[in-house]
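Notes follow once the structure below has been shown.
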Amino acid sequence: MGTERNVLVTGGNRGIGRAIAEEFLAAGHRVAVTARSGEGPAGALTVRADVTDAASLDAAFTAVEAEYGPVEVVVANAGITRDTLLLRMSEDDFTEVIDTNLTGAFRTVKRASKGMLKARFGRIILISSVVGLYGSAGQVNYSASKAALVGMARSLTRELGGRGITANVVAPGFIETDMTAALPDEQQAQYKASIPAGRFASPSEVARVVTWIAGDDAGYISGAVIPVDGGLGMGH
Ligand code: NDP
């Protein structure tokens, strides 16, 4: 294992976030997760936070800092969908998704950067989606929120790169979680047919990429978009 780090994952009570927390724990790091409900995996510190509320995030970071010290690795994972076709998409459908997926990542990273700047070390990982750059009918809100994370990571890289801080995007394809279980069978079959790997992935396949990009060996990778999508979005 590399250096033991203090890690915070947003939305670590289920799905991909939980798998990421488990993977960091297995690698011997100190792990905290935010959760609106439920708990993170055994061995992780669970703190309550809603990423649409900066004050709750601030309190969560303060609690983690009191237990572990400054957060060195932050994974902005919390996300939602409100899928529907453009003409049916309300302004609330659009702004709720942006507020959680994009502004939520901004709030998380901004709070995390304080400790990282002081420590002159940090790993920022934003969980985007293949849909951010590929596009998806019925996901104008979600796709826009996920594409914007690329600009965010690249701007963070230019702003903070000289202080030992990297910022990267991990862009999963179709991962088996509650989010995708909610999709109609027909849509799932269509996705599967267009994925070169011919299958969906487990959350741990995303988690292992996230822990690697946070590791000591990945210190010269920043502003990158790392697909974990079985080839679905190739070349974008
Ligand atoms: P899930 O729906 O299984 O879990 C979403 C997580 O985000 C939950 O922990 C949820 O908390 C949390 N969350 C949602 N809104 C908020 C909020 N306002 N404040 C704090 N936490 C919140 O999703 P996945 O695990 O599938 O997705 C995780 C990330 O990966 C998301 O950003 C998603 O967009 C992305 N992704 C997923 C893909 C997939 O195929 N599954 C593909 C590509 C990207 P709670 O339990 O309290 O609701």
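Take the sequence shown: its letters are residues 67 to 302, numbered as in the numbering used here.
In this text, a Cβ means the ideal position worked out from N, Cα and C, and glycines have one as well.
Computed from a prediction, not measured in an experiment: that's the story for all the values here.
How long is the line joining the alpha carbons of Pro-250 and Asp-149, rounded to whole angstroms? Against the sequence shown, residue 250 aligns to sequence position 184. Against the sequence shown, residue 149 aligns to sequence position 83. Between Pro-250 and Asp-149, the C-alpha separation is close to 12 angstroms.
Using 8 angstroms as the threshold, is the C-beta distance between Val-75 and Val-113 below it? Within the sequence shown, numbered from 1, the residue matching residue 75 stands at position 9. Within the sequence shown, numbered from 1, the residue matching residue 113 stands at position 47. Not closer than 8 angstroms, so no.
Same chain, Cβ closer than 6 angstroms to Phe-266, five either side skipped, listed in chain order: Numbered from 1 along the sequence shown, position 200 holds the residue referred to as residue 266. Excluding sequence neighbours, Phe-266 sits near Phe-240 and Glu-242.
Does the beta-carbon distance from Ile-292 to Val-216 come in below 8 angstroms? Counted from its first residue, the sequence shown places residue 292 at position 226. Counted from its first residue, the sequence shown places residue 216 at position 150. No. Outside cutoff.
The region 102 to 111 contacting the region 166 to 173, beta-carbon criterion three pairs below 8 angstroms: no
Suppose you measure from the CA of Gly-204 to the CA of Ala-210; what does that come to, to the nearest Å? What you label residue 204 is simply residue 138 of the sequence shown in a count that begins at 1. What you label residue 210 is simply residue 144 of the sequence shown in a count that begins at 1. Between Gly-204 and Ala-210, the C-alpha separation is close to 12 angstroms.
If we ignore side chains and look at the alpha-carbon of each, how far apart do Ala-233 and Leu-222 end up? As a first step, residue 233 is located in the sequence shown; it is residue number 167 there, counting from the start. As a first step, residue 222 is located in the sequence shown; it is residue number 156 there, counting from the start. Distance between the alpha carbons of Ala-233 and Leu-222: 6 angstroms.
Residue burial classification, Glu-133 (beta-carbon count within 10 angstroms, cutoff 16): As a working note, residue 133 is residue 67 in the sequence shown. Glu-133 is exposed by the Cβ-count criterion.
Name the one or two DSSP bridge partners that Ala-233 has. In the sequence shown, the residue the question calls residue 233 occupies position 167. Answer by DSSP bridge pairing, in chain order: Ile-190.
Using alpha carbons as the reference points, say which of Gly-227, Ala-129 and Ala-126 lies closest to Tyr-286. Counting from one through the sequence shown, the residue named residue 286 turns up at place 220. Measuring from the Cα of Tyr-286, the nearest candidate turns out to be Gly-227.
For Asp-297, which option in Leu-183, Ile-279 and Ala-259 has the closest C-alpha, if you only look at C-alpha atoms? Reading the sequence shown from its first residue, position 231 is the one you call residue 297. Note on identity: in this sequence residue 297 is Gly, with Asp being the wrong assignment. When each option's Cα is compared against that of Gly-297, the closest is Ala-259.
Cutoff 6 angstroms; reference Arg-96; Cβ partners in own chain excluding five residues on either side: For the purposes of this step, residue 96 is identified with residue 30 of the sequence shown, where counting begins at 1. Within the same chain, Arg-96 has close Cβ partners Asn-72 and Tyr-134.
Out of Ser-288, Thr-277, Asp-244 and Asp-295, which one is the CA nearest neighbour of Gly-264? Here residue 264 corresponds to residue number 198 of the sequence shown, with the count starting at 1. Measuring from the Cα of Gly-264, the nearest candidate turns out to be Asp-295.
Range covered by the alpha helix (DSSP H) that runs through Ala-115: As a working note, residue 115 is residue 49 in the sequence shown. Taken as a continuous stretch (DSSP letters only), Ala-115 belongs to no alpha helix (DSSP H), as it is neither H nor E.
Taking Glu-191 as the reference, which of Gln-256, Ala-92 and Val-276 has the closest Cα? If you number the sequence shown from 1, residue 191 lands on position 125. The question names Glu, but residue 191 in the sequence shown is Ile. The shortest C-alpha separation from Ile-191 is found at Val-276.
Heavy atom of ligand 1 less than 7 angstroms from the Cβ of Gly-170, yes or no? Position 104 of the sequence shown holds residue 170. Yes - ligand 1 has a heavy atom lying nearer than 7 angstroms to the Cβ of Gly-170.
Are Gly-94 and Glu-70 close, meaning C-beta to C-beta below 8 angstroms? For this step, residue 94 is matched to residue 28 along the sequence shown. For this step, residue 70 is matched to residue 4 along the sequence shown. Yes; because the gap between Cβ atoms is below 8 angstroms, this pair is in contact.
Tell me which same chain residues have a C-beta within less than 8 angstroms of the C-beta of Glu-138, skipping the five on either side of it? In the sequence shown, residue 138 corresponds to position 72, counting from 1. Within the same chain, Glu-138 has close Cβ partners Arg-71, Asn-72, Val-73, Gly-181, Met-182, Ala-185, Phe-187, Gly-188 and Arg-189.
Residue range of the beta strand (DSSP E) that includes Pro-293: Within the sequence shown, the letter at position 227 stands for residue 293. First-last of the beta strand (DSSP E) with Pro-293: 291 to 294.
What's the call for Ala-214, buried or exposed, on a 16-neighbour Cβ count within 10 Å? The residue given as residue 214 occupies position 148 in the sequence shown. Ala-214 should be labelled buried.
Name the DSSP beta bridge partners of Ile-241, please? Counted from its first residue, the sequence shown places residue 241 at position 175. DSSP, once it has assigned bridges, lists Ala-267 as partnering Ile-241.
Same chain, Cβ closer than 6 angstroms to Ala-87, five either side skipped, listed in chain order: As a first step, residue 87 is located in the sequence shown; it is residue number 21 there, counting from the start. The answer, listed in chain order, is Val-75, Gly-78, Val-97, Val-99, Gly-106, Pro-107 and Ala-110.
If Ala-312 and Ser-288 are in contact, beta carbons under 8 angstroms, what's the gap, nearest whole angstrom? Because the chain here runs from 67 to 302, residue 312 falls outside it and cannot be looked at.
Can you tell me whether Phe-240 sits near ligand 1, meaning its C-beta is under 7 angstroms from at least one heavy atom of the ligand? Here residue 240 corresponds to residue number 174 of the sequence shown, with the count starting at 1. Result yes, Cβ under 7 angstroms from ligand 1.
Same chain only: Cβ atoms within 7 angstroms of Val-206, ignoring 5 sequence neighbours per side: Locating residue 206 in the sequence shown gives position 140, where the first residue counts as 1. Excluding sequence neighbours, Val-206 sits near Leu-152 and Met-155.
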